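What follows is one structure encoded as structure tokens, with my remarks underneath.
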Amino acid sequence: MYRIYAFIFLFSFILPSISVVADNTDIHENAGTRAMTFLKIGIGAKAMGMGESQVAATDDLYASYWNPAGLVKLEKPQLALMHNEWFAEINHEFIGFAFPFGNNNTVGASANFLSFGELQGRDQDGNETEIFRPYDLAVILSYARGFGEALAVGINAKYLQEQIADESGNGYAFDFGGLYTFSEIPLSFGVNAQHVGPRVKYIEDSFPLPFVLRLGAAYRLWKDAVILALDFIRPTDNDNSVGVGIGYTLANVLQLRTGYKYKFGGNDLGAISGLAGGFGLTLKRFQIDYALVPFGNLGLTHRFSLIASF
13 MYRIYAFIFL FSFILPSISV VADNTDIHEN AGTRAMTFLK IGIGAKAMGM
63 GESQVAATDD LYASYWNPAG LVKLEKPQLA LMHNEWFAEI NHEFIGFAFP
113 FGNNNTVGAS ANFLSFGELQ GRDQDGNETE IFRPYDLAVI LSYARGFGEA
163 LAVGINAKYL QEQIADESGN GYAFDFGGLY TFSEIPLSFG VNAQHVGPRV
213 KYIEDSFPLP FVLRLGAAYR LWKDAVILAL DFIRPTDNDN SVGVGIGYTL
263 ANVLQLRTGY KYKFGGNDLG AISGLAGGFG LTLKRFQIDY ALVPFGNLGL
313 THRFSLIASF
């Protein structure tokens with residue numbers, strides 16, 4: 013029963029707003045009016061451990077989510093896997109592959125999958141019906157191109173599907189990213205316009221996609237041993253927010269990270285819900301990352317991600 017309530021709760025509040033609305037906060041006027049809101053759930057343990065401040069800092073395959081222009085930073089082909097353990101046995105998975113080619117070009121393909129497991133269906137009278145397995149899916153193709161050492165642009169093309177019992181919605185969307193890195197100083201600026209596309213139809217109604225605009229900056233110190241990152245996030249169905257993060261690398265092997273995401277007007281689950289932390293290990297051609305992200309009364313969420321370079 014808890015999982016059924018969590019499923020309803022997720023579709024009513026968490027996915028529409030990436031937050032739970034508390035008694036002392038106001039619901040955004042567009043909350044619950046967008047389709048495919050699973051697209052707003054962050055990808056990759058490194059990014060989540062830094063408070064989602066990645067639009068200018070991303071430099072691996074997970075750039076396909078945070079800023080596709082960042083894919084030009086890849087020096088070798090990469091395979092990425094992520095597992096996100098949410099509350100109520102809800103699981104979030106990601107798999108992707110990307111490879112650089114030619115002069116400052118990178119292409120990639122990935123899949124973003126959110127599963128709710130098995131839920132007991134009920135009719136209007138409360139009688140049990142069939143077991144159903146709701147899920148959300150995005151299949152993504154990515155391309156990035158660099159223009160010299162400073163400027164890069166990237167694009168994602170996404171096929172989207174959401175299945176709830178016997179009903180489903182299908183659509184497509186695009187992301188448009190840009191990245192500028194100064195040559196004289198270790199400073200980068202990034203921008204990403206996410207989830208741009210037409211409305212998605214469910215049965216007789218249609219809903220817009222959850223467009224999000226991300227702007228950010230990143231500054232590297234001590235030969236990239238320290239990175240400071242700041243993102244401004246402007247969604248269309250929730251209040252604006254800011255993510256800040258710091259990462260510190262020890263001996264080119266161990267990375268320690270922490271970050272904080274603050275929503276203007278206050279974090280709905282309390283101040284601690286914006287806090288995040290994690291670590292990473294570089295073992296030859298493998299990068300292993302973990303992030304711990306509190307989710308208020310719903311508990312802690314754990315993200316594990318892996319990158320293999322070839």
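Going by the numbering used here, the sequence shown opens with residue 13, and the numbers climb by one from there.
C-beta: ideal position from N, C-alpha, C; glycine also.
Nothing here was measured: the structure is a model prediction, and the numbers come from that model.
Judged by beta-carbon spacing, residue 298 lies beyond the 8 Å limit of residue 268, meaning their Cβ atoms are not closer than that value.
When Cβ pairs closer than 8 Å are counted between the two stretches, the segment 214–228 is seen to touch the segment 49–66, the count reaching three or more. Between the C-alpha atoms of residue 80 and residue 136 there is a straight-line separation of about 45 Å. Per the C-alpha coordinates, the member of 290, 153, 56 positioned closest to residue 110 is 153. 56 is the residue among 56, 47, 48 whose C-alpha sits nearest the C-alpha of residue 292.
DSSP, reduced to helix, strand and coil, places residue 223 outside both helices and strands of the structure shown, so it counts as coil.
Residue 256 sits close to residue 272, with the two beta carbons spaced by under 8 Å.
Here the segment 210–217 does not lie against the segment 228–243, with fewer than 3 beta-carbon pairs under 8 Å apart. Using a Cβ distance threshold of 8 Å, residue 183 and residue 214 do not count as a contacting pair. Per DSSP, the unbroken beta strand (DSSP E) holding residue 214 starts and ends at 212–214. Partner residues in a beta bridge of residue 60, as assigned by DSSP, do not exist.
Residues of the same chain with a CB within less than 7 Å of the CB of residue 306, apart from the 5 flanking positions on each side, are 284, 285, 287, 312 in chain order. Three or more pairs of CB atoms, one per stretch, sit closer than 8 Å, so the segment 149–165 contacts the segment 83–98.
Taking the Cα of residue 188 as reference, the smallest distance to any Cα among 179, 301, 202 is reached at 202. Scanning its chain for C-beta atoms nearer than 6 Å, with the 5 sequence neighbours on each side dropped, one finds around residue 176 the residues 146, in chain order. Residue 127: member of the beta strand (DSSP E) spanning 117–127, first to last residue.
Residue 66 has its alpha-carbon roughly 11 Å from the corresponding atom of residue 239. Around residue 253, the same chain offers 245, 273, 274, 275, 276 as residues with beta carbons nearer than 7 Å, after the five sequence neighbours per side are excluded. Runs of the beta strand (DSSP E) spanning 3 or more residues and lying entirely within the segment 255–284 occur at 266–275, in chain order.
Taking the Cβ atoms as the reference, residue 99 lies roughly 14 Å from residue 304, outside the contact range of under 8 Å.
When the beta-carbon positions are compared, residue 68 and residue 191 come within less than 8 Å of each other.
The criterion of a C-beta distance shorter than 8 Å is satisfied by residue 126 and residue 148.
Scanning the segment 82–122 for uninterrupted beta strand (DSSP E) segments of 3 residues or longer gives 90–97, 103–113, listed from N- to C-terminal end.
Each residue's CA atom was taken as its position, placing residue 150 and residue 198 some 34 Å apart.
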